[in-house]
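Each protein sequence line maps, in turn, to chains B, S, U, D, Y and P.
Counting from 8, one number per residue, gives the positions in the first sequence under the numbering used here.
Counting from 8, one number per residue, gives the positions in the second sequence under the numbering used here.
Counting from 8, one number per residue, gives the positions in the third sequence under the numbering used here.
Counting from 8, one number per residue, gives the positions in the fourth sequence under the numbering used here.
Counting from 8, one number per residue, gives the positions in the fifth sequence under the numbering used here.
Counting from 8, one number per residue, gives the positions in the sixth sequence under the numbering used here.
Ideal placement from N, C-alpha and C gives every residue a C-beta, glycine not left out.
All values derive from a computational prediction rather than experimental measurement.
Let me begin by presenting the structure, written as structure tokens, before commenting on it.
Protein chains: 6
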Amino acid sequence: MPNLVADFEAYRARMNQRILSEDHQAVKRFFGVDTLTYQDGALDRKTKEMLGLVSSLVLRCDDCVRYHILECRRLGVTVPEFFDIFSVGLVVGGSIVIPHMRRAVEFLDEVIAGETRNTV
Amino acid sequence: MPNLVADFEAYRARMNQRILSEDHQAVKRFFGVDTLTYQDGALDRKTKEMLGLVSSLVLRCDDCVRYHILECRRLGVTVPEFFDIFSVGLVVGGSIVIPHMRRAVEFLDEVIAGETRNTV
Amino acid sequence: MPNLVADFEAYRARMNQRILSEDHQAVKRFFGVDTLTYQDGALDRKTKEMLGLVSSLVLRCDDCVRYHILECRRLGVTVPEFFDIFSVGLVVGGSIVIPHMRRAVEFLDEVIAGETRNTV
Amino acid sequence: MPNLVADFEAYRARMNQRILSEDHQAVKRFFGVDTLTYQDGALDRKTKEMLGLVSSLVLRCDDCVRYHILECRRLGVTVPEFFDIFSVGLVVGGSIVIPHMRRAVEFLDEVIAGETRNTV
Amino acid sequence: MPNLVADFEAYRARMNQRILSEDHQAVKRFFGVDTLTYQDGALDRKTKEMLGLVSSLVLRCDDCVRYHILECRRLGVTVPEFFDIFSVGLVVGGSIVIPHMRRAVEFLDEVIAGETRNTV
Amino acid sequence: MPNLVADFEAYRARMNQRILSEDHQAVKRFFGVDTLTYQDGALDRKTKEMLGLVSSLVLRCDDCVRYHILECRRLGVTVPEFFDIFSVGLVVGGSIVIPHMRRAVEFLDEVIAGETRNTV
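In structure tokens, the structure reads:
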């Protein structure tokens, strides 16, 4: 039962819609820049999403970590690659990153379990 | 006159040597893990150094940014790639990243100027 | 059903009482300074609460955000003013603020829904 | 019913095992350094755990706070000593520490309640 | 001799120009959103700059603090109002804010000294 | 030539005096709580200063680190004890703590060199 993933995506979609419905120019344009930043450029989208993931991890933002795990996975990041990303976050950010890494791995495992179900 | 680069590298080398001379087991082993983390793995060293750079930028550690700029440059990261990394750091970490980005670009420009001199 | 608001206020009241019951001088005096800080001064209480709100948002403390939303609302801050505060927090603190902004807006909407019920 | 404590310990044990099962060298060695750091040295283990607790508190990592509360308590830290630690965290880290202090005190009270039950 | 102010403004202008000369779309648009955020809206520009100042202070970004002190001062913020802003930053962010407050007050005093010279 | 120490103490004294001269009630009372926090209590002053030092280190506030190094040293903290404190800060806060540890060790070495001169 991929509750973590489904719950995260539903809440994120609902509240982003609520926020954008307020039609606040600076907020809307910030969301636009956020989307633009991860498009293919000198670095490809996959590398940028990995950069977004490690940044979110060292800043210890669980929801941001979840978002970038989903995007990374869609772009083909493998489990060993995820652990390389986590290890950089861990050594840069220290042991306070560990609880966030636990939740990240739990979320990632659920994402992968969902893929298997969808494939079978 | 690459003073920023030379001064950074001299101070870093001198104080790391001083710290390791104390022979504190946990500190020494932390330094060992730090080195190990950036070795080739599922992700190559260049990608890991880029992850280290963006992590340092969002955590706003100027000296860490400098170190990873040097490592990234040695591994062939181009200026447009650096700006892609900076842009992810900027959107994730916000406008408080800007002063650190200014110093990062100043440092990067000096690194590149030094390469040109060495080549001619 | 304003559960977010009621739960927050009940837990906060109960645990503050528990903490102050320990009668620790430095802790008690810190709580006193915290209260004093938001009194009318050169800036009025409403402006100070808005300052407290944006500070809590960029430091990504959900409970602090909730507290200052309640105080701001009691002092007459309007929804468009809240979004101006959120937008400053967003651009200063970056996309890692977004998940906290989602929870802030959800909480604010519940506060306002409660006002409507109380009025009718 | 010590749910906070039991849930924390069960989740922590399960996810640490999952993480270490991946057999990632840098991650495993980081966990090793983390353990080594709190062994008796020039400072004894109790003092080091108090240092770990206050660090976790100012960095506002609830799970880290919980872990170090358990370790401190096993090493004999008393309630008045805990409040001295909390007060340093509060003045250094500011009012954003208060919500984490609330949860820390709630957790500590549950730990102590569990000791009483076990003794009777 | 307003060196702090003049040096800050010269370096900021020079490096912002260098950064924008790279013509990186996401970076340029981020700078645009940053400017837009502080325009008059539901809250006036002065209030928004005060919000930007306190956010910069609790996030302990000296250069951001300097920028917003200049903007606040141009918009008529008085010394007692600045100290009210600083006091909110201090209580929210804790004693680690004090060194940044020292540099902020030194900078503010220099800004005011420069105004007097220009007037006489 | 103990410039680091003398410069730090002179600047700190001068700017604290300037800040307190403004006679802002909340700011003054915050400074009072800050002093009170480190007095002997359930934990002695030396332990509390060590807690203040590690907190400052993981929050990466160089000036706070310097202040607590001076206080710790006056209360008899030895070099091996300082390195134990630094090692906890390092593992909790990660590699971004390293540049601050370099400056801390440089400052500590200067403090100790000054003691030797004063003794001879």
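In terms of beta-carbon proximity, leucine 58/Y lines the interface with chain U, with at least one pair separated by less than 8 Å. Residue-level contact by beta carbon fails for leucine 66/U and chain B, as no gap is shorter than 8 Å.
When the beta-carbon positions are compared, glycine 101/U and valine 84/S stay at least 8 Å from each other.
For serine 63/D, there are no neighbours in chain U by C-beta distance under 7 Å, as the nearest C-beta there is about 15 Å away.
A distance below 7 Å between beta-carbons, with the five flanking residues on each side excluded, links isoleucine 76/B to the following residues of its chain, in chain order: Leu60, Ala111, Phe114, Leu115 and Val118. Contact residues of the stretch 96-127 of chain Y toward chain D are Leu97, Val98, Val99, Gly100, Gly101, Ser102, Ile103 and Val104 (C-beta to C-beta distance below 8 Å).
The beta carbon of glycine 96/D lies closer than 6 Å to those of Val61, Leu64, Val65 and Val104 in the same chain, with the five residues before and after it left out. Comparing alpha-carbon positions, the option among Leu58/D, Val40/D and Ala120/D lying closest to phenylalanine 93/D turns out to be Leu58/D. For threonine 44/Y, a Cβ of chain B is located within less than 8 Å of the residue's own Cβ. Contact between the stretch 13-24 of chain Y and the stretch 28-40 of chain D is absent: fewer than three C-beta pairs spanning the two stretches fall below 8 Å.
Interface criterion not met: the Cβ of valine 72/P is under 8 Å from no Cβ in chain D. Assignment of histidine 75/B by DSSP, reduced to helix, strand and coil, places it in the helix class.
The beta strand (DSSP E) runs of length 3 or more contained entirely in the stretch 25-56 of chain P do not exist; there are none. Taking threonine 44/D as the centre and dropping the five residues before and after it, the same chain places no C-beta closer than 6 Å to its C-beta. DSSP, read as helix, strand or coil, puts glycine 121/P in helix. DSSP, read as helix, strand or coil, puts arginine 21/P in helix. The contact set of alanine 33/Y on chain B, defined by CB atoms closer than 7 Å, consists of Val40, Leu43 and Thr44 in chain order. Within 9 Å of the CB of arginine 25/P, the CB atoms of chain Y belong to Arg109, Val112, Glu113 and Asp116, in sequence order along the chain. The closest CA to that of valine 40/D, considering only Asp91/P, Glu122/P, Arg109/P and His107/P, is found on Asp91/P. Between glutamate 29/D and the set Phe89/B, Ile26/B, Arg73/B and Leu50/B, the nearest pair of CA atoms involves Phe89/B.
By the C-beta density criterion, threonine 123/B is exposed, having fewer than 16 other C-beta atoms within 10 angstroms. A direct Cα-to-Cα measurement between alanine 120/U and arginine 21/B gives close to 17 Å. Within the stretch 60-118 of chain S, no run of beta strand (DSSP E) at least 3 residues long lies entirely inside it. Along the stretch 80-96 of chain Y, the positions whose C-beta sits under 8 Å from a C-beta of chain U are Thr85, Pro87, Glu88, Phe90, Asp91, Ile92, Ser94, Val95 and Gly96, read in chain order.
By the Cβ-count criterion, leucine 27/D is exposed, with fewer than 16 other Cβ atoms from all chains shown falling within 10 Å of its own Cβ. The C-beta distance from cysteine 68/U to proline 106/D rounds to 6 Å, short enough to meet the 8 Å contact threshold. By the CB criterion at 8 Å, threonine 54/D and threonine 42/P fall outside the cutoff. For arginine 36/Y, the chain B residues whose C-beta falls within less than 7 Å of its own C-beta are Val40 and Leu43, listed in chain order. The alpha-carbon separation between aspartate 47/U and cysteine 79/Y amounts to approximately 20 Å. Cα atoms of arginine 81/Y and aspartate 51/P: separation of roughly 48 Å, rounded to the nearest angstrom.
Around the CB of arginine 25/P, fewer than 16 other CB atoms lie within 10 Å, so the residue is classed as exposed. By the rule that beta-carbons nearer than 8 Å mark a contact, alanine 49/S touches chain B.
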